[in-house]
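So the structure is just underneath, and the comments pick up after that.
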Amino acid sequence: MQSSLRKKLSTYKYVLIMLPGLIVWFVLSIWPHLEVFPQAFYKWNGYSPNKVFVGWQNFETFYRSSAFKDGLLNTVLYVLFLFVIQTVLSVFLAVVLKRNTRQNRFFRTFFFLPLVFSSVMVGLTWGYMFDPNLGMLNQIFSALGIKSLESFNWLGEPVRAIFCIVMVHIWANIGYPLTILTAALQTIPEDLYEVSEIEGATSMQQFRKVTLPLLMPALLRITLLTVVTGALAVDYILILGSSVGSANEFDTWAVKIYQGLLGSNLGLPSAIGVFLGAILFIVFLIQYVVTKKVEDSIH
Amino acid sequence: MRKRNVTGSVGGRLVVYAYALFLIAPIYFIIVTSLKMAGEVTTNPLGLPEYPIIGNFVEAFTRGNIAKYSFNSVIITGSAVILSLLNAIIVSFCLHKIAHKKIGVLFYAIIMGSMLIPGVGFVTLLQLYMKLHLYNNLLGPILMGATTGLPFNVFILVGFLRTLPKEISEAATIDGCNDRQHLFLVLLPLIKSALATLGIFAFVSNWNSLLGPLILLKNKELFTIPLGLLDFRGTYTVEYNYMFAAILITSVPLVVIYLRFQSYFVEALSGGVKG
Amino acid sequence: MTIRKQRSKWLVSALCFVLLFSLAACGGTKDETKETQPSTGESASTQEANTEPVTITYSTFRAEDEQIFKKLIDKFQKENPGITVKFDTNKDAGAYYQTLKANIASGQAPDVFDLHPNTNYTDFAKDGVIADLSDQPFVANYQDGPKALTTIDGKIYGFNHAVNLICVIYNKEIFKNHNVDVPKDWNDFVSIVNKLKAEGEGGIAYAGADVKAVWLFNAIANELMSPADYKAFAEGIDNGSIKTIRDNVKIYTALKTLSEYNKQGLLYTNSDGVKYPQSLSLFAQKKAPMVIIGTWTFGTKETDYPGIDVGIFPIPTLEGTQVGYAEPAQISVVNAKSKHIEAAKKWVNFLGSPENATFYVNNAKMTTTVKDVEANFSGADILAAQMEKEVHVFPIFATPNMESYQVDYEEMKTNILFKGADVDKEIAAFEQLLKKADLKNVK
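Residue numbers (UniProt numbering), protein chains in the order written: chain F, 1 to 299; chain A, 1 to 275; chain E, 1 to 443.
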């Protein structure tokens, strides 16, 4: 039929329109990094013409080393802490600062401010905060007279360290989810709140019945972003950890990849990258299924 | 006047103030350090400077070549952001239109692109950019910055487009709009807030981007600000006072931009949606 | 805004960008044409420098030496009118090596560049990335120690500018106030530290968060063994020929020493959480009477510990305090595929001549590797006094299989030093891993 043919053509018309942009993106930003898949099966030092095929050896080496289990646990912890704390905090702050008063605008800008500092800088600064003997946090405790926390070693134990580093990550990056949520909150029509007021709803009920469901799509999007960001975040761990490239107790898989890139076998970090990519893909699938369900229920 | 809602509650404000304190401590440290002499940073890292040295800012500005690096940063970041948003708008619009077809899975392929681990491919990347004449000139970092953000931008924009009521698009088609008019006249104003948000994010992330320009730029004249800041790092010792002074100088424009654009993404959507 | 205004806005901005792009692109191509000068490659005679102007790039990670190198470059360019040296520093070590390797792979490497004395030096030499410099004039002025250090398979591939001692730097005033002196042996050392702590001073500052147990272990192990033995041990572990640590008496003693540092509480509290700048802060604020750090800090004294009169002594081991430990500073090497290799070699020779090496070490305040150099910077006398005694320099060796065991190897040392783990248990666990890793059969 003519109309179905026209429909088919119109679909391809759209594909054609976006094709140039997509091709540029793919070539410049994706294609060089696809290297990670074949590289995992070779042993190569990054510059010599000598590339040795080693099959699954890189994967086995990684699986056997303590870096596998410890790194996985650390990655999961990092993502978990980041997701829970950042989401709760940003939702709370976005809701509290919802109205467009001057004070709220000031706070929103203020909370956005750390984003303009580069992560290197943020890490260097927080290094001074966390130092067990001279750091600002411990000075505050000693000034408050809490003797037991005077020499507290914030990064001395992996779980504690990851918590602290995630707080640094949030300190620097809360501007992102806060801004997205603030914008999303604006799209919720005021009348819904007015209607629920009339019906006698408390603020908590308003939040649960009105705000939360309508924020859900934005929240789900932020979830995927947070998980991927947390899994791939290296900057803060690297700066707050060893500066000579030694492994830290709190390294995630992404950090191990980065450290491996400076070594003599690029195949190993590539293997870790494949592992990590596989897990992220599974997470992505889960998010896709959940989002579909939620969005269908809204429309 | 709403009396018992979360936005006005005491608990809510307390959390905000507590978080603000959490935020300000490191900033206090940055400001205080930028005014100190190098030796004092070691002997007195947390206290107020004995003799505040405003000269640090001058030194940071000249030695850090901030004028030139800012110029490069502005060009690279500005161009990258505009190209990035343009590309994102077009791709998102098209994806939205074909979302119901089988080929709509292209959307998911793009999103998965954000999960690739950068790092291993830098050798290939360098060779590729050299072949395309994108090495050691401003175009390289511009295009790299313009393409890196695509999955994130598309992710947000398509999601946003989905939440817009279908009636508007249908009304436009009935009125006989072609696609270009549809996109630019009808949809663009509606997604202004999302675009402003993405614009700010793209600007900030490109401004701070380090590894890309580091690998692509050899000529010191073309360096961006993050690269310039590395000048204050020695092999073992970092010159915190000058580095932090430089950072304060270079953050000012970003804060100004954020303030200026805030009005775009927090204003309630006017007219179009309800009417 | 009307459609027309919107359209013209797009048009104007599009035009602007086209303009900017062409400017930027032109900026790029100009640079490229400069580099495609007629090159005569390795068969060039020394006449090349006189006939056509040549530009070579010298890339280093020693950002703090920028002013020193500017002066040296000026002098070099005066003495060699046809050659211009472009100075390039990339301060972040990780980024430095990533860009360096990427550049080497794409044929873009600088003509002369600096390396840390780590495995890259050996790998580059073996892979033919850097040029053989054994026949160059500077070798004649090279001290024996550094010469041996930079020799791989009988050939010399680079010029090591200087060495730095990693030792205990102590606050002379605090020592005098408590009536203690430089320790004569291990037991003397432990009693001195304990006395100072009992009288209110802190332990020894150490940047454990940054360097973990690496500095301390390397120093102790190398003070106990000759560099050749240490190299043999490290390479043996790596290629799978050595499977037990327990049997190597010196390494076992080194690990035992680490354990004693922990058991005797010799280091400052929470040293595993102290980073490099903070370890200096502790010393500068006189909270710690001693700090384990390198003598490169003499060059940044004003920042690192202003106003403190310092002395040094070697890091004590269970077997004594007489042998010192040094790490080489940067090694300058020549790109084997450089288009102007003769000019590049000239630059390295220039750096290696006694006159210029003197200038360098007196300004950078490090210990020289060149003969007949008069060091007269403040602290030079202290360094010279130590160098007169026995000093072992960390050897350079290749460890291609490092990633199979390194994390666990370091973890063993960290557990012993900071967690007080039992030496025998940790060694047994590590040896288990070595057996499983079967490094002999790794491809």
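Cβ atoms here follow ideal geometry from the backbone N, Cα and C, with glycine treated the same way. Fair warning: this is a prediction, and the values are worked out from it, not measured in the lab.
Compare the C-beta of ALA49 (chain E) against all C-beta atoms of chain F and say whether one is closer than 8 Å. Legend: pLDDT at ALA49 (chain E) = 43, less than 50; position of this residue unreliable, value from coordinates given subsequently. For ALA49 (chain E), the answer is no, since every Cβ of chain F falls outside 8 Å of its Cβ.
Mind the definition here: the region 8 to 19 of chain F touches the region 80 to 94 of chain A only if three or more C-beta pairs lie below 8 Å; say whether that holds. By the criterion of at least three beta-carbon pairs nearer than 8 Å, the region 8 to 19 of chain F is in contact with the region 80 to 94 of chain A.
Beta-ladder partner(s) of ILE81 (chain F), from DSSP: The question names Ile, yet the displayed sequence has Phe at residue 81 (chain F). For PHE81 (chain F), DSSP records no beta bridge to any residue.
In whole angstroms, what is the alpha-carbon distance linking THR125 (chain F) and ASP210 (chain E)? Approximately 15 Å between the Cα atoms of the pair.
Looking at C-alpha atoms only, which residue of F:SER90, F:ILE282, F:PHE141, F:ASP296 is the closest neighbour of TYR108 (chain A)? Relative to TYR108 (chain A), the option among F:SER90, F:ILE282, F:PHE141, F:ASP296 whose CA is nearest is F:ILE282.
At a Cβ threshold of 8 Å, is GLY273 (chain F) touching chain A? At least one chain A Cβ lies under 8 Å of GLY273 (chain F).
I believe ALA344 (chain E) touches ASN335 (chain E) by the beta-carbon criterion, under 8 Å. Please report the beta-carbon distance rounded to the nearest angstrom. With 8 Å as the limit, ALA344 (chain E) and ASN335 (chain E) qualify as a contact, their Cβ atoms being about 7 Å apart.
In whole angstroms, give me the CA-to-CA distance for SER378 (chain E) and ASN171 (chain E). Across the structure, SER378 (chain E) and ASN171 (chain E) are spaced so that their CA atoms are roughly 16 Å apart.
Express the C-alpha separation of HIS340 (chain E) and residue 455 (chain E) in angstroms, rounding to a whole number. There is simply no residue 455 (chain E) to check, as chain E begins at 1 and stops at 443 in what is shown.
Under three-state DSSP, which class holds VAL27 (chain F)? VAL27 (chain F) falls in the helix class under three-state DSSP.
Would you mind working out which of A:THR163, A:ALA18, A:PHE184, A:PRO189 sits nearest LEU185 (chain F), comparing C-alpha positions? The shortest CA-to-CA distance from LEU185 (chain F) to any of A:THR163, A:ALA18, A:PHE184, A:PRO189 is the one to A:THR163.
Which residues bound the beta strand (DSSP E) around LYS86 (chain E)? That run of the beta strand (DSSP E) goes 83 to 89.
List the residues of chain A whose Cβ lies closer than 9 Å to the Cβ of ASP92 (chain E), in chain order. The answer, in chain order, is LEU210, LEU214, LEU230, ARG233.
Against chain F, which members of the region 266 to 289 of chain E pass a CB distance test of less than 8 Å? Result list: TYR268, THR269, ASN270, ASP272, GLY273, VAL274, LYS275, TYR276, PRO277, GLN278, SER281, LEU282, GLN285, LYS287.
By the DSSP assignment, the beta strand (DSSP E) with PHE92 (chain F) in it spans what residues? If you look at PHE92 (chain F), you'll find it isn't in any beta strand (DSSP E); it sits in the alpha helix (DSSP H) that goes 87 to 96.
Span separating the alpha-carbon of ALA254 (chain F) from that of ASN58 (chain F): Here the alpha carbon of ALA254 (chain F) sits roughly 16 Å from the alpha carbon of ASN58 (chain F).
From which residue to which residue does the beta strand (DSSP E) around ASP408 (chain E) run? Counting along the chain, no beta strand (DSSP E) covers ASP408 (chain E); the unbroken alpha helix (DSSP H) around it starts and ends at 406 to 419.
Does the beta-carbon distance from GLY199 (chain A) to VAL81 (chain A) come in below 8 Å? The answer is yes: Cβ separation under 8 Å.
Taking C-beta to C-beta, are PHE37 (chain F) and VAL294 (chain F) nearer than 8 Å? No, the Cβ-Cβ distance between PHE37 (chain F) and VAL294 (chain F) is not below 8 Å.
Taking 8 Å as the CB-CB limit, is THR303 (chain E) close to chain A? Interface residue (Cβ-Cβ distance to chain A less than 8 Å): THR303 (chain E) is classified as such.
Contact list for ALA38 (chain A) against chain E, beta-carbon separation under 8 Å: Ordered by position in chain E, the residues that pass the 8 Å Cβ test against ALA38 (chain A) are GLU302, THR303.
Under a CB-based cut-off of 8 Å, is PRO32 (chain F) close to chain A? Chain A, which has a Cβ nearer than 8 Å to the Cβ of PRO32 (chain F), makes this yes.
Supposed contact pair SER84 (chain A) and LEU190 (chain A) - C-beta distance, whole angstroms, cut 8 Å: Rounded, the Cβ-Cβ distance is 20 Å, inconsistent with contact.
Does HIS100 (chain A) pass the burial test, meaning 16 or more other C-beta atoms within 10 Å, or should it be called exposed? Per the 10 Å Cβ criterion, exposed.
Taking the beta carbon of ILE286 (chain F) as the centre, do at least 16 other beta carbons fall within 10 Å, making it buried, or is it exposed? With a threshold of 16 other beta carbon atoms within 10 Å, ILE286 (chain F) falls short and is exposed.
Pick helix, strand or coil for PHE250 (chain F), following the three-state DSSP scheme. PHE250 (chain F) falls in the coil class under three-state DSSP.
Rounded to the nearest angstrom, what separates LEU240 (chain F) and ALA207 (chain E) at their Cα positions? Each residue's Cα considered, the two are about 12 Å apart.
Neighbour flag for residue 286 (chain A) against chain F, beta carbons, 8 Å: With chain A covering 1 to 275 only, the question about residue 286 (chain A) has no answer from this structure.
Grouping DSSP H, G and I as helix and E and B as strand, with all else coil, what is HIS392 (chain E)? Residue state, collapsed to three classes: strand.
Per-residue contacts from SER251 (chain A) into chain F (C-beta, under 9 Å): Those within 9 Å of SER251 (chain A) in chain F are LEU113, VAL116, PHE117.
From the beta carbon of ALA198 (chain E), is the nearest beta carbon of chain B less than 8 Å away? Looking at the structure shown, chain B is missing, and the protein chains on hand are F, A and E.
Please report how far the alpha carbon of ASN248 (chain E) lies from the alpha carbon of GLU201 (chain E), in whole angstroms. Rounded to the nearest angstrom, the two C-alpha atoms are 37 Å apart.
Chain A contact residues for TRP215 (chain E), given Cβ-Cβ distances below 8 Å: Those do not exist, as TRP215 (chain E) stays about 12 Å from chain A at its closest Cβ, beyond 8 Å.
So VAL104 (chain E) packs on TYR47 (chain F), CB below 8 Å; how close in whole Å? Reading off the sequence shown, one finds Ile at residue 104 (chain E), where the question assumed Val. That belief holds up - the Cβ atoms of ILE104 (chain E) and TYR47 (chain F) are roughly 4 Å apart, short of 8 Å.
Nearest-angstrom Cα distance between ILE249 (chain A) and LYS292 (chain F)? When the Cα atoms are used, ILE249 (chain A) and LYS292 (chain F) turn out to be separated by approximately 46 Å.
Determine, using beta-carbon pairs with one atom in the region 146 to 164 of chain E and one in the region 116 to 126 of chain E, whether at least three such pairs fall under 8 Å. Contact between the region 146 to 164 of chain E and the region 116 to 126 of chain E is present: 3 or more CB-CB pairs across the two stretches fall below 8 Å.
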